[in-house]
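Q:
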Amino acid sequence: MKKINALGKPCPIPVIEAKKAIREIKNDGGLIEIIVDNEVSVKNIEKMAKGLGLKTTSQTLKNDEFTVEIVVPKNQDQLNQTVSDSELVVAFGRKTMGDGDPDLGAMLLKSYIYSLTELDTPPEHLLFFNSGAFLTNQGSNTLNDLKVLVDKGTQISTCGACLDFYQIKETLAIGEITNMYGISEVMAQAKKVINF
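Per our numbering, the very first residue in the sequence shown carries number 321; after that it's consecutive.
(1) What does a CB cutoff of less than 7 Å around valine 364 pick up in its chain, not counting 5 residues either side in sequence?
(2) Given a cut-off of 8 Å, decide if leucine 408 and glycine 418 are closer than it, judged by their beta-carbon atoms.
(3) Please determine if the stretch 475 to 487 and the stretch 449 to 467 are in contact, where contact requires at least 3 C-beta pairs separated by less than 8 Å.
(4) Note the first and the last residue of the continuous alpha helix (DSSP H) segment covering glycine 371.
(5) Please classify lysine 346: is it buried, with 16 or more other beta-carbons within 10 angstroms of its beta-carbon, or exposed?
(6) Does the stretch 421 to 437 come close enough to the stretch 362 to 377 that 3 or more CB-CB pairs lie under 8 Å?
(7) Which value, in whole angstroms, describes the spacing of the CA atoms of isoleucine 352 and proline 442?
(8) Which residue marks the beginning of the beta strand (DSSP E) containing glutamate 496, and which one marks its end?
(9) Quick check: leucine 447 and isoleucine 494, are their CB atoms within less than 8 Å of each other?
(10) Rounded to whole angstroms, what's the CA-CA distance from threonine 387 to serine 477? Just pull it up for me.
(11) Would you mind stating whether isoleucine 433 and leucine 466 have Cβ atoms separated by less than 8 Å?
(12) What three-state label does DSSP hand glycine 420 in the structure shown?
(13) Taking only the alpha-carbon atoms, compute the straight-line gap between lysine 512 and isoleucine 503 and give it to the nearest angstrom.
(14) Quick one: what's leucine 351 bridged to in DSSP?
(15) By alpha-carbon positions, which one of Ser361, Gly459, Lys472, Ile514 ends up nearest to isoleucine 488?
(16) Along the chain, where does the alpha helix (DSSP H) that runs through lysine 467 open and close?
(17) By how many angstroms is the C-alpha of glycine 425 removed from the C-alpha of alanine 369?
(18) Consult DSSP for glutamate 438 and reduce its assignment to one of helix, strand or coil.
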């Protein structure tokens with residue numbers, strides 16, 4: 321069994337560490353146990369594992385300690401392909417695509433996010449910061465497509481400082497809140513990052 325102590329680490333870091341552990345044992349298989357201190361991390365780890373077709377169990381140890389166990393079967397070619405190909409991170413630092421007319425930019429970005437839902441292998445993670453934080457809020461015209469991506473296993477994280485700055489934290493509609501450390505960690509570990 322591979323054990324990961326993610327106590328005190330904000331989401332999405334426990335998810336990243338779980339995904340890294342899956343990569344490390346994907347050929348030999350085995351059991352991964354992650355200890356976290358919040359239910360958001362539990363749900364996001366379970367969602368990530370489900371997106372990879374893996375089974376999980378979770379339990380509460382104390383009020384602020386939870387464990388998630390992930391079963392990784394031995395030598396699964398489909399899992400190997402999914403884990404190796406799904407290391408794309410897309411970072412949205414604005415609510416439009418490109419310069420020029422803002423209405424056209426918003427339409428183009430919505431079309432781009434929809435196109436991500438049609439990929440054979442969706443992005444591993446979407447990051448939203450600065451005015452990109454509006455895309456994960458109530459009233460965003462991208463929410464339906466983002467929900468499709470979440471159902472396919474994509475993680476969605478929005479910068480908490482940005483939500484506070486624009487005073488829209490209460491209307492966050494999808495994904496979890498992260499910080500700049502979490503954003504930099506995701507980008508640093510990704511094989512490929514696309515920035516908007």
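From the three backbone atoms N, C-alpha and C, an ideal C-beta is built for every residue, glycine too.
A: So, from the data block:
(1) As a first step, residue 364 is located in the sequence shown; it is residue number 44 there, counting from the start. Checking the sequence shown, residue 364 turns out to be asparagine, not valine. A distance below 7 Å between beta-carbons, with the five flanking residues on each side excluded, links asparagine 364 to the following residues of its chain, in chain order: Cys331, Pro332, Val335, Gln475, Glu496.
(2) Mapped onto the sequence shown, residue 418 falls at position 98. Mapped onto the sequence shown, residue 408 falls at position 88. It is not a contact, given that the beta carbons lie outside the stated cut-off.
(3) yes
(4) In the sequence shown, residue 371 corresponds to position 51, counting from 1. Residues 359 to 371.
(5) The sequence position of residue 346 within the sequence shown is 26, counting from 1. Buried, because 16 or more other Cβ atoms sit within 10 Å of the Cβ of lysine 346.
(6) By the Cβ test, the stretch 362 to 377 is not in contact with the stretch 421 to 437, since fewer than three Cβ pairs between them sit closer than 8 Å.
(7) On the sequence shown, position 32 is the one that residue 352 refers to. On the sequence shown, position 122 is the one that residue 442 refers to. Taking the CA atoms as reference points, isoleucine 352 sits about 24 Å from proline 442.
(8) Translated into positions along the sequence shown, residue 496 becomes position 176. Going by DSSP, glutamate 496 is part of the beta strand (DSSP E) stretching over 496 to 498.
(9) Within the sequence shown, residue 447 is the residue found at index 127, counting from 1. Within the sequence shown, residue 494 is the residue found at index 174, counting from 1. Taking 8 Å as the Cβ cut-off, leucine 447 and isoleucine 494 do not qualify as a contacting pair.
(10) Residue numbering aside, residue 387 sits at position 67 when the sequence shown is read from its first letter. Residue numbering aside, residue 477 sits at position 157 when the sequence shown is read from its first letter. Straight-line Cα distance between these residues: approximately 22 Å.
(11) Stepping through the sequence shown from its first residue, residue 433 is reached at position 113. Stepping through the sequence shown from its first residue, residue 466 is reached at position 146. Between isoleucine 433 and leucine 466, the C-beta gap is smaller than 8 Å, which places the two residues in contact.
(12) Here residue 420 refers to the residue found at position 100 of the sequence shown. Residue state, collapsed to three classes: coil.
(13) The sequence position of residue 512 within the sequence shown is 192, counting from 1. The sequence position of residue 503 within the sequence shown is 183, counting from 1. Those two C-alpha atoms are separated by around 14 Å.
(14) Stepping through the sequence shown from its first residue, residue 351 is reached at position 31. Answer is Val391.
(15) Taking the sequence shown and counting its residues from 1, one reaches residue 488 at position 168. Looking at the Cα atoms, Gly459 is the closest of the given residues.
(16) Here residue 467 refers to the residue found at position 147 when the sequence shown is read from its first residue. Where lysine 467 is concerned, the enclosing alpha helix (DSSP H) stretches over 463 to 471.
(17) Here the question's residue 369 lines up with position 49 in the sequence shown. Here the question's residue 425 lines up with position 105 in the sequence shown. When rounded, the distance between both Cα atoms is 34 Å.
(18) For this step, residue 438 is matched to residue 118 along the sequence shown. Of the three classes helix, strand and coil, the one that applies to glutamate 438 here is coil, per DSSP.
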